[in-house]
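Trainee: Got a structure for you, written out below as structure tokens; questions coming shortly.
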Amino acid sequence: MDAARLIVVGFMLLSACAPAIAADRTVSVTIYNDDLALVQDRRDIEIKGGRQRIEFQDVSAQIRPETASLAAADISIVEQNFDFDLLTPAKLMEKAVGQEVTIVRVNPATGAETREQAQVLATNGGVVLKIGPRIEVLRDDGLPVRVIFDKVPDNLRAHPTLSVTVIGGHAGTRPATLSYLTPGLGWRADYVALYSESDGKIDVQGWVTLTNSSGVTYDHAHTLLVAGSPTQVDGGSPNHYRGPQPRAVLQQPGTESGGRERLGDYYLYPLAEPTTIANLQTKQVSFLDVHGVPAEHGYEFHNRWLGTSETPQSAKTIYSFSSGAHAGLGDQLPAGILRFYMRDKHGDPQFIGESRIDHTPMGSTLSLATGDAFDVKVRAVVDKRTRLGNLDWQSDMRYELSNALPRPVTVKLLQEGLWGDSRITAESQKSTRRSADTAEWAVTVPANGKSTLTASFETRF
Amino acid sequence: MRWATLAWILATAPAAADDIAASPPTELSVTVYRAPFRAAGSIDLDGLAGFALVSEVRTVHLPQGLSRLRFEGVADGIEPASAIVTGLPPGVIEKNREGKLLSPSALIAATLGKAVTLLRTDRKTGKQQRLDGTLLSDAKGGVVFQTSEGIEALRCSGLPETFSFAGVDGLAAKPTLSVLVRSAEASTRTVTLSYLARNFDWAADYVATLSSDGKTMDLGAWVTLANGNGVGFPSARTQVVAGRVNRENGEVEPFDAGGPIFARCWPRGSTSDLQWMPGYLQFADEATRARMTMFKKSVAGAPELMEEVAVTGARNVQQEQLGDLKLYRIPEHTTVASRQSKQVRLMDRGHIPIARVYGADLAADESASSAPAHLLLRTVNTMANHLGLPLPSGHIAVFVMSSGEKLLLHESDIQDRAVDEEVEIDLGDSPDVQVTVEKTAASGPARTQLRAVRADITNARPADIDFELRLQMRAGGRIVHADHPVETKNGRPLFRLTIPANGSVTVRYQTEYRHS
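Chains as they are written, first to last, in our numbering: chain U, 2 to 462; chain F, 1055 to 1570.
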């Protein structure tokens, strides 16, 4: 019994169970974008020769056990188990049914202790004990009774545990690598862009943000970040129907190659130093710091087909810049959130909005919306709808643009929903047809003034 | 390019980092932003959906070599990914925000598998027994431990039992951000930490007072800002920003404030119905639990009830342009306390000329039974009208002076209004002015359909009123005849009418639809 107890203590004190595992351990973690990581845990394991069970307690609590594999020289794997029966007082008592426990009655008046051996008969609703020839219900009278168990049953643990049964060849300590996939680890990029209005330039810092909610801490882990999302078989259904497309952030995809390491078509971002990724920690490491990149500030207004409004709607504030080597950020940008700041009259940076970007190749032109302009507004109105024939309609649109800023602005006005079969028959200013679906005007609005744009569309249906 | 291929700083293992705490903030700045999706209306103290940019200036004494610099007491709504630290030497290796906070359950979890001392007190004598043991499990709220006597479950015996821990195992009491930095030399630096934090909000609260003749109004407004965080910002420079800014709904990794620990036991059924003691005993004392609930709420974004509404002096905020947004600066340093809402004066303008306009929005050729008209106060946001300043969105209460007393007329929401824009204040329905629409004739199912409509507007008020009848046409329809002049506003037919005091006006018109 004492030996069993010692082993239990050993279970708990060492991070992994018998056979004892040496401290010589390296962990490497490869983190993908979509909440997935590959953990490779290399340590020395003592192989006794013959059949033996190896337990790994400090694996991710969210481990996908079906992806776990143990590799070491001269062993063959019999089976692999993932035990998630947790050690609780109730489970402890339940597993003790039919076994002997020690009960210690404490006299509430004197504090005197009486020790007895008892057999647990049942734990259904309450604990029924057999003490010598008598049957009793545990603490039926409410008086203090301690119950002492001799050992913890084999498969009850404080954490879900992976165990591997192996048949070892020759005995001896040798390195083994346990690798598995786990959700709960993820990363994304966070960018800080400081826009200077006076010279139209931005300073951009890029940070890699790692998050760990996998339930364990990876000490001193060699970390590799992969900008990409390997498709998981069970990860969602293919999206055949795509709703209205969000505003295009990427205006012009880039064609330049940077100096980053690649894996297939993914970019790799290795962390040069091993780092400790604590559970529930958010960790940030810098990867980009560029100053004085030219950026353009503009306005954009999207009107859906026959969109009409009683009150003027704000135009979007747009900042565009390049990720190219020439007059740009000069790097491919992993997906993340770009936060814009601008200095106020006192010179303090203030937040002016943020925008999400996808993985962006080097040399791309990005156009990011940071919010709505307070002073630049557009009211789109369907002035008239006239039926021209059986299926033909003429729609007269009027767009009233107003600008309360003390300087002229140019608004990129986009009329969407043209479906390719709409014709513009008259317009007060020449448009460009960006696509079959979208017509675009660049409307200049004078300082503290208004502009009006009209256009007639001929459509079927 | 000038920047390094990789800015990770190569060096030895960061294991031997010194732990350095930054000084408490010496200078604070808080800029509050509104809930991005709210176009109008006031803030909801029970769910502050806005956010703030917090900047803290702190002093640090950096030794030479590697150190872990801790910024304690940041707002609990911090979005760690947005944190920016400036003023450090060029050797920042990483920034971390620890998610685990010191709590009873975090202590238990941190001590798992380690040595712990069990304290058992005799209820009669008060004698305390100390036993060294090991924590085996804290799974699902039950605690199992082992001593030299064997394995037992905490608080299942009915005896007063608790643990005594050796240390807090590096758990921080307050939300903490840390920076791992390598410094070439020892130095004292002034460091600025900026971050976005959730659980703030602000809105404008307007009070309009109509003059007794109803031709002008006085408009005053407060900026009402609130902080739902558990952290206060004493003597901070405070700004609010109007205008909608984009927010990507990024998830914030929550703090683990630690759930309460229940010493869950084995089944406690007995041979009688009498409940001798509760099924579980809570490990955490009441105060801790209350604090944790509060904390979790504040982290989750639902603050506790605000304790006070502080109204500061009537010095107006100063407005300036921030890109395409409006920034309002509170002129003095002020304390943005935790779970507080605060009001500062935004503006006071008098004698603003207003038009009282009654109106109704109706389908052009459907009969409608008698319904009250809608009353609007209309003005234009110009200097000539004693306005001409950006009006941030919020809530407006309209009062009227009646025999020397102020009476509340109506409350409504208003949206952001730029300079030179039309401002309409909703005053609700007016039962004195009723609109009835009657379809009097309709032609058959020919290619061209004609409908004749009569609209009656009655006025029970002792004064002439301005009335706007706005019609909604189906596509392809138009008005062919009308006995009053028709205008078009926003693509819709509109009759502008004057209804005489205690009188009525009848409008007749004919609509036409072409079917092909």
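Positions of the beta carbon are idealized from the N, C-alpha and C atoms, including for glycine. As the structure is a computational prediction, the values presented were derived from the model and not from experiment.
Quick check on U/G354 - is its C-beta less than 9 Å from some C-beta in chain F?
Mentor: Here the question's residue 354 of chain U lines up with position 353 in the first sequence. Using a Cβ-Cβ cut-off of 9 Å, U/G354 counts as an interface residue toward chain F, since at least one Cβ of chain F sits closer than that to its own.
Trainee: Find out if the Cβ-Cβ distance for the pair U/L402, U/A316 is shorter than 9 Å.
Mentor: As a working mapping, residue 402 of chain U is identified with position 401 in the first sequence. As a working mapping, residue 316 of chain U is identified with position 315 in the first sequence. Yes, the Cβ-Cβ distance between U/L402 and U/A316 is below 9 Å.
Trainee: Tell me which residues of the region 432-449 of chain U have at least one Cβ-Cβ distance to chain F shorter than 9 Å, keeping chain order.
Mentor: N449
Trainee: When the cut-off is 9 Å and only beta carbons count, does U/G50 lie next to chain F?
Mentor: Locating residue 50 of chain U in the first sequence gives position 49, where the first residue counts as 1. Not an interface residue.
Trainee: Which whole runs of the beta strand (DSSP E) in the region 1237-1291 of chain F are 3 residues long or more, in chain order?
Mentor: 1241-1264, 1270-1281
Trainee: For a cutoff of 9 Å on Cβ pairs, would you count F/N1150 as touching chain U?
Mentor: Position 96 of the second sequence holds residue 1150 of chain F. Closer than 9 Å to some Cβ of chain U, the Cβ of F/N1150 qualifies, so yes.
Trainee: Could you tell me if F/A1262 is buried or exposed, where buried requires 16 or more neighbouring beta carbons within 10 angstroms of its beta carbon?
Mentor: Your numbering for residue 1262 of chain F matches position 208 in the second sequence. Under this definition F/A1262 is a buried residue.
Trainee: If you measure beta-carbon to beta-carbon, which residues of the region 1130-1155 of chain F are closer than 8 Å to chain U?
Mentor: P1134, A1135, S1136, A1137, I1138, V1146, I1147, E1148, K1149, N1150, R1151, E1152, G1153, K1154
Trainee: Please list, in chain order, all residues of the same chain as F/I1138 whose beta carbon is under 6 Å from its beta carbon, the five residues on each side excluded.
Mentor: In the second sequence, the residue the question calls residue 1138 of chain F occupies position 84. Cβ neighbours of F/I1138 beyond the five flanking positions: S1248.
Trainee: Could you give the uninterrupted runs of the alpha helix (DSSP H) lying entirely in the region 77-116 of chain U, keeping only those of 4 residues or more?
Mentor: 90-96
Trainee: In the DSSP assignment, find the alpha helix (DSSP H) that holds F/S1159 and state where it starts and stops.
Mentor: Numbered from its first residue, the second sequence carries residue 1159 of chain F at position 105. 1158-1165 is the span of the alpha helix (DSSP H), which, as asked, contains F/S1159.
Trainee: How about F/A1529: is its C-beta nearer than 9 Å to some C-beta of chain U?
Mentor: As a first step, residue 1529 of chain F must be located in the second sequence, where it is residue number 475. Interface residue, yes.
Trainee: Taking any Cβ of chain U, which residues in the region 1104-1124 of chain F have a Cβ under 8 Å from it, in chain order?
Mentor: If you check each beta-carbon in the region 1104-1124 of chain F against every beta-carbon of chain U, the ones closer than 8 Å belong to L1107, S1109.
Trainee: Flag U/D200 as yes if its beta-carbon sits less than 9 Å from any beta-carbon of chain F, otherwise no.
Mentor: In the first sequence, the residue the question calls residue 200 of chain U occupies position 199. Cβ-Cβ to chain F under 9 Å: no for U/D200.
Trainee: What residues in its chain sit with their C-beta under 8 Å from that of F/D1072, if we drop five residues either side in the sequence?
Mentor: As a first step, residue 1072 of chain F must be located in the second sequence, where it is residue number 18. Counting only Cβ-Cβ distances below 8 Å, and skipping sequence neighbours, we find P1117, G1119, L1120, S1121, R1122.
Trainee: Would you kindly check if the distance between the Cβ of F/P1321 and the Cβ of U/V102 is under 9 Å?
Mentor: Numbered from 1 along the first sequence, position 101 holds the residue referred to as residue 102 of chain U. Numbered from 1 along the second sequence, position 267 holds the residue referred to as residue 1321 of chain F. No; because the gap between Cβ atoms is not below 9 Å, this pair is not in contact.
Trainee: Rounded to whole angstroms, what is the Cα-Cα separation between U/L157 and F/E1203?
Mentor: Position 156 of the first sequence, counted from the start, is the residue given in the question as residue 157 of chain U. Position 149 of the second sequence, counted from the start, is the residue given in the question as residue 1203 of chain F. Cα-Cα distance, rounded: 20 Å.
Trainee: May I ask you to list the residues that DSSP assigns as paired with F/I1479?
Mentor: Locating residue 1479 of chain F in the second sequence gives position 425, where the first residue counts as 1. According to DSSP, F/I1479 bridges with F/L1431.
Trainee: Verify the CB distance criterion: does F/V1197 have a CB-CB separation below 9 Å to chain U?
Mentor: Here residue 1197 of chain F is taken as the residue at index 143 of the second sequence, counted from 1. Interface residue, yes.
Trainee: According to the Cβ coordinates, are U/A194 and U/V209 closer than 9 Å?
Mentor: Residue mapping note: residue 194 of chain U aligns to position 193 of the first sequence, counting from 1. Residue mapping note: residue 209 of chain U aligns to position 208 of the first sequence, counting from 1. No.
Trainee: Here's the rule: buried if 16 or more other CB atoms are within 10 angstroms of the residue's CB, otherwise exposed. What is F/M1401?
Mentor: On the second sequence, residue 1401 of chain F is found 347 positions in, with the first residue counted as 1. Flag for F/M1401 reads buried.
Trainee: Please identify, using Cβ separations under 7 Å, the residues of the region 1369-1400 of chain F that lie next to chain U, in order along the chain.
Mentor: Taking 7 Å as the upper bound on Cβ-Cβ separation, chain U lies near residues E1374, L1376, G1377, D1378, L1379, K1380, L1381 of the region 1369-1400 of chain F.
Trainee: Going by Cα to Cα distance, which pick from U/L130, U/K346, U/Q285, U/Y219 is closest to U/S199?
Mentor: The count along the first sequence starts at 1 and reaches residue 199 of chain U at position 198. Ranking the options by Cα distance to U/S199, first place goes to U/K346.
Trainee: So F/A1517 and F/A1555 are supposed to be a Cβ contact under 8 Å. How far apart are they, rounded?
Mentor: As a first step, residue 1517 of chain F must be located in the second sequence, where it is residue number 463. As a first step, residue 1555 of chain F must be located in the second sequence, where it is residue number 501. Between F/A1555 and F/A1517 the Cβ distance is about 5 Å, and since that is below 8 Å, they are a contact.
Trainee: Shortest alpha-carbon distance to U/V60 belongs to which of U/F302, U/G51, U/R44?
Mentor: Counting from 1 along the first sequence, the entry for residue 60 of chain U is found at position 59. Looking only at U/F302, U/G51, U/R44, the smallest Cα-Cα distance to U/V60 is reached by U/R44.
Trainee: From which residue to which residue does the beta strand (DSSP E) around F/L1416 run?
Mentor: Position 362 of the second sequence, counted from the first residue, corresponds to residue 1416 of chain F. It spans 1409-1417 - the beta strand (DSSP E) in which F/L1416 sits, taken as one unbroken run.
Trainee: Please name the residue, chosen from U/G143, U/L307, U/T111, U/D191, that lies closest to U/S423 on a Cα-to-Cα basis.
Mentor: Here the question's residue 423 of chain U lines up with position 422 in the first sequence. Ranking U/G143, U/L307, U/T111, U/D191 by Cα distance to U/S423 puts U/L307 first.
Trainee: Using a C-beta to C-beta distance shorter than 7 Å, which residues of chain U count as neighbours of F/T1179?
Mentor: Along the second sequence, read from residue 1 onward, the residue named residue 1179 of chain F stands at position 125. Per Cβ cutoff of 7 Å: G112.
Trainee: Count the other CB atoms within 10 Å of the CB of U/Q53; is the residue buried (16 or more) or exposed (fewer)?
Mentor: Taking the first sequence and counting its residues from 1, the one referred to as residue 53 of chain U is at position 52. So U/Q53 counts as buried.
Trainee: Which residues, in order along the region 115-135 of chain U, keep a beta-carbon less than 8 Å from a beta-carbon of chain F?
Mentor: Those would be T124, N125, G126, G127, V128, in chain order.
Trainee: Take the Cβ of F/S1241 as the centre, count every other Cβ of all protein chains shown within 10 Å, and call the residue buried at 16 or more, exposed below.
Mentor: Position 187 of the second sequence, counted from the start, is the residue given in the question as residue 1241 of chain F. A residue is called buried when at least 16 other Cβ atoms come within 10 angstroms of its Cβ; F/S1241 does not meet this threshold and is exposed.
Trainee: Checking contacts by CB at 9 Å: is F/W1256 closer than that to chain U?
Mentor: Here residue 1256 of chain F refers to the residue found at position 202 when the second sequence is read from its first residue. Not closer than 9 Å to any Cβ of chain U, the Cβ of F/W1256 fails to qualify, so no.
Trainee: Using beta carbons (cut-off 9 Å, strictly below), is U/F1 in contact with chain F?
Mentor: Lying before the first or after the last residue shown, residue 1 of chain U is absent from chain U, which here runs from 2 to 462.
Trainee: From U/D25 to U/D266, what distance separates their C-alpha atoms?
Mentor: Along the first sequence, read from residue 1 onward, the residue named residue 25 of chain U stands at position 24. Along the first sequence, read from residue 1 onward, the residue named residue 266 of chain U stands at position 265. Taking the CA atoms as reference points, U/D25 sits about 34 Å from U/D266.
Trainee: Give the residues of chain U in contact with F/T1502, contact being defined as C-beta atoms less than 7 Å apart.
Mentor: Sequence index remark: in the second sequence, residue 1502 of chain F carries index 448 (1-based). In chain order: nothing, as chain U lies at least about 10 Å away.
Trainee: Going by the beta-carbon positions, is the gap between F/N1300 and U/G337 smaller than 9 Å?
Mentor: Stepping through the second sequence from its first residue, residue 1300 of chain F is reached at position 246. Stepping through the first sequence from its first residue, residue 337 of chain U is reached at position 336. No, the pair does not count as a contact, with Cβ atoms beyond the cut-off.
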